Amino acid sequence: MSTVVFPTDPEEIQARINAIDPQAYARTRNFLTGAVTRLSPYLSRGVINLADLKDRILSDYPFRKAEKLIQELAWREYYQRVWQARGTAIFSDLKQLQSDVAHQQVPIALSEAATQIEAIDQAINDLYTTGYMHNHCRMYCAMLACNIAHAHWSAPASWMYYHLLDGDLASNSLSWQWVAGSFSSKKYIANQDNINTYTGSKQVYSYLAVDYVRLQHLPTPDVLKSSAPFLLKTILPPSEDPLVVENAPLFVYNSYQIDPQWHAQEKGNRVLLLERDHFERFPVSSLVLNFIIELARKQVPDIRIFCGSFDELTSRKGFTDIYYKEHPLSTHYRGRKEERSWMFPEISGYYPSFFSYWKKCERYL
Ligand SMILES: Cc1cc2nc3c(=O)[nH]c(=O)nc-3n(C[C@H](O)[C@H](O)[C@H](O)COP(=O)(O)OP(=O)(O)OC[C@H]3O[C@@H](n4cnc5c(N)ncnc54)[C@H](O)[C@@H]3O)c2cc1C
25 MSTVVFPTDP EEIQARINAI DPQAYARTRN FLTGAVTRLS PYLSRGVINL
75 ADLKDRILSD YPFRKAEKLI QELAWREYYQ RVWQARGTAI FSDLKQLQSD
125 VAHQQVPIAL SEAATQIEAI DQAINDLYTT GYMHNHCRMY CAMLACNIAH
175 AHWSAPASWM YYHLLDGDLA SNSLSWQWVA GSFSSKKYIA NQDNINTYTG
225 SKQVYSYLAV DYVRLQHLPT PDVLKSSAPF LLKTILPPSE DPLVVENAPL
275 FVYNSYQIDP QWHAQEKGNR VLLLERDHFE RFPVSSLVLN FIIELARKQV
325 PDIRIFCGSF DELTSRKGFT DIYYKEHPLS THYRGRKEER SWMFPEISGY
375 YPSFFSYWKK CERYL
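So the sequence shown is numbered by the working numbering: it starts at 25 and just counts up by one.
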């Protein structure tokens, strides 16, 4: 079982940043035991921002040594830009319809960690206990669900998002679509040899132990045939009174915006807003919810938890101004909107492929 844990103390998160080794990262990131950063839960939640992280890495290493890691960070920003430009379109097939779809449900073998592919079952069990899955295993799960079991990507993506501490709707939907071929030019598949190479498993017999020509035309294995709808829910905690300081501003945080530096020196009311509608549409597990709340409490002193709508929160009397940060999920907020920080603020809008986007980014490096 994996021993990965995700601390919420500022010092421990800083130690994780100090431990980054971009050269080892570039060599080993595709392997389960590789030197990946495991920073995604903090990046997704806005505790660390990409621009600061990029500057920090480039102050310690020349670009040529850090290029791969910077490029991976740019994938996150790219997906955020696609979301910003295309809005809710990212929750449907974005470039073309996923082909060869048999149903819109979650393969039960996936949710029960019983796919008979040992490394994948192990990765799913680890996801349930730690809230984390290595990128390559996420790709394997997605290809198994979409390209071997022929599920549409949407329900299994919701299942994975539900369990991820780093759950990010753009990275998640668009990565699933990238694997399923609705946001890429071809579907991603991997055979047993590939899985063994990168995960260290030694499984010899399995329905994936075939060459790539046969794999492309594999009939759905019996074990992957049963499926069920995605029905999981989030149970939100009771709200706390958001008013701590009368006649002072309200700073609105949410599950993607837990920036400890934001207006940190100013007097005000700080509220982690958990909107019911949002969690009904995009549920997360109690492990994820508790992580978000603990992170907010550790990073932002005196923060209050409010579960309800933005309008319910702001109908409370006693606030002067209301501040929030720009994000596709906060378009209905009202008040003083502030920009997010970007690694490449100059490059916005929709780029149909990461590499067309990255080409532009390189000019600023
Ligand atoms: C099917 C699928 C679903 C995914 N769902 C999510 C999700 O909900 N939330 C999420 O944050 N990431 C998601 N990813 C992207 C990626 O798997 C994770 O960001 C990465 O595994 C996080 O672990 P890490 O911090 O150790 O990554 P590292 O390899 O150390 O990378 C450093 C950082 O670069 C960024 N990054 C690296 N790879 C990617 C990538 N492929 N796409 C986007 N950003 C990347 C992340 O911010 C990551 O924290 C998904 C990928 C796939 C294939």
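Built from N, CA and C at the ideal position, the CB exists for glycine as well. From a predicted model like this one, the values you see are computed outputs, not experimental measurements.
F368 is the residue among R238, F368, R53 whose C-alpha sits nearest the C-alpha of A98. Taking 8 Å as the upper bound for CB-CB distance, L77 and R40 are not in contact here, some 11 Å apart. With a beta-carbon spacing of about 7 Å, G191 and S68 fall inside the 8 Å limit used to define contacts. Shortest Cα-Cα distance from H158 to any of A126, E101, A59, Y277 involves A59. Note on V295: 16 or more other CB atoms within 10 angstroms of its CB, so buried under the neighbour-count rule. Shown here, A175 sits in a strand according to DSSP, grouped into three states. Distance from the CA atom of W382 to the CA atom of S199, rounded to whole angstroms, is 17 Å. A straight-line Cα-Cα distance of about 44 Å links S123 and R360. Annotation: the continuous alpha helix (DSSP H) that includes L193 extends over 193 to 204. Among the bridge pairs identified by DSSP, S251 is matched with P131. Rounded to the nearest whole angstrom, the CA to CA distance from D283 to R364 is 10 Å. Y186 carries a helical assignment under DSSP once its states are collapsed to helix, strand and coil.
Taking all protein chains in view, the Cβ of P253 is surrounded by fewer than 16 other Cβ atoms within 10 Å, so the residue is classified as exposed.
Using a 10 angstroms sphere on the CB of P325, the tally of other CB atoms stays under 16, which defines it as exposed. In this model, V269 and D33 are separated by some 25 Å (Cα to Cα). With a threshold of 8 Å, the Cβ atom of T223 does not count as near ligand 1, since no heavy atom of the ligand is closer than that.
Of the heavy atoms belonging to ligand 1, at least one sits nearer than 8 Å to the Cβ of V203. Not one heavy atom of ligand 1 is found less than 8 Å from the C-beta of W382. Y231 and H160 have their C-alpha atoms roughly 19 Å apart.
When DSSP assignments are scanned along the stretch 288 to 372, the uninterrupted stretches of alpha helix (DSSP H) that are 4 or more residues long and fall wholly within it turn out to be 300 to 305, 310 to 323, 334 to 338. A288 and A50 have their C-alpha atoms some 35 Å from each other. For the set Q281, I141, I346, the Cα lying nearest the Cα of Q227 is the one of I141. A residue is called buried once 16 or more other Cβ atoms fall within 10 Å of its Cβ, and Q201 is buried on that count. Just so you know, the alpha carbons of L297 and T153 end up roughly 26 Å apart. If you draw a straight line from the Cα of L319 to the Cα of C165, it is about 28 Å long. Shown here, P65 sits in a helix according to DSSP, grouped into three states. In the DSSP assignment, Y236 falls within the alpha helix (DSSP H) that extends over 236 to 240.
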